[in-house]
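The next block holds one structure in the form of structure tokens; read it before the comments.
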Amino acid sequence: QVLDFGWPELLAPPLELLCSVCKALEGCLSGHPRNVAVLLCKGSKAPVGVVVGAFLHYSDVWGSPEQALNALSMRRFCEEKLGGVLQPSQRRYTEDFGALLSGRLRLNSSPQFLHHVLLPPLPAYEPPDGQFGVGGDPSNPPGLPNNTPVSRPPPGCRPFLKIYQSLQLVYTSGV
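Per UniProt numbering, the sequence shown runs over residues 1 to 175.
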């Protein structure tokens, strides 16, 4: 049986979808002792890490003794193969999922409003000395004759913000 639970790559999966994946994994693995589940993702390994981490929490709360053994195998796999690919926000998301399942965290059903975003002062970014020729002079890049036009991004760091609601982009700040 093949099930598709895809979600946009750079976004966290909705909690309902994560619960559906965990229930499907539980159904597959508890159906017969020889059943296996294969997780496939295109691109990064991080979505697999999120699913496996969520299922480890799910099986700790809802699992049978057989699933505890399966979870141990998955935990080893996760540590060995996926340990370095998860971003801190993805780790926090799976931990929050486990806290929701165990009752240590509750969802707030009232709407939440984003009023402002504060960024700490950002460092001024300048290319390292010597990157664009002698003394960092962009008018004389190494290997090009004098007066050759060179296209470069302007110096500095230009952060921007994107806000999504229900997987739809609702705001992008100026770049």
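The beta carbon of each residue, even a glycine, is placed where N, CA and C say it ideally should be. Only a predicted model underlies this, so the values are computations on that prediction, with no experimental measurement involved.
On a Cα-Cα basis, can you pick out the residue from the options that is closest to residue i?
| i | options | result |
| --- | --- | --- |
| R104 | E95, S110, Q112 | E95 |
| L100 | E79, P121, D60 | D60 |
| A37 | K162, G27, V117, A46 | G27 |
| Y58 | A46, C19, R34 | C19 |
| Y93 | T172, F113, V52, V170 | V52 |
| I163 | F113, P120, C157 | F113 |
| P159 | L86, T172, N108, P14 | T172 |
| A46 | C22, S89, S110 | S89 |
| F97 | P120, Q87, F55, S73 | F55 |
| S73 | L29, L169, A24, S110 | L29 |
In whole angstroms, give me the CA-to-CA distance for residue i and residue j.
| i | j | result |
| --- | --- | --- |
| R75 | G174 | 42 Å |
| A12 | Q1 | 25 Å |
| N140 | L122 | Confidence is the limiting factor: at N140 the pLDDT is only 49, short of 50, which leaves the residue's position unreliable, though a coordinate-based value still follows. Roughly 29 Å between the two C-alpha positions. |
| L118 | E80 | 37 Å |
| E16 | P8 | 15 Å |
| G6 | V21 | 10 Å |
| S44 | V50 | 11 Å |
| C41 | D4 | 10 Å |
| Q165 | L107 | 17 Å |
Between which two residues does the alpha helix (DSSP H) harbouring residue i extend?
| i | result |
| --- | --- |
| Q90 | 88-102 |
Could you spell out the range, first to last residue, of the beta strand (DSSP E) harbouring residue i?
| i | result |
| --- | --- |
| residue 179 | Beyond the ends of the chain as shown, which are 1 and 175, falls residue 179; an answer cannot be given. |
| Q165 | 162-165 |
Tell me whether residue i sits in a helix, a strand or coil according to DSSP, three-state version.
| i | result |
| --- | --- |
| V170 | strand |
| R76 | helix |
| V2 | coil |
| V38 | coil |
| L107 | coil |
| L119 | coil |
| S44 | coil |
| L56 | helix |
| G130 | Legend: pLDDT at G130 = 48, less than 50; position of this residue unreliable, value from coordinates given subsequently. Coil, per DSSP. |
Using 8 Å as the limit for Cβ to Cβ distance, is residue i near chain B?
| i | result |
| --- | --- |
| S102 | Among the protein chains of the structure shown there is no chain B, as only one such chain exists. |
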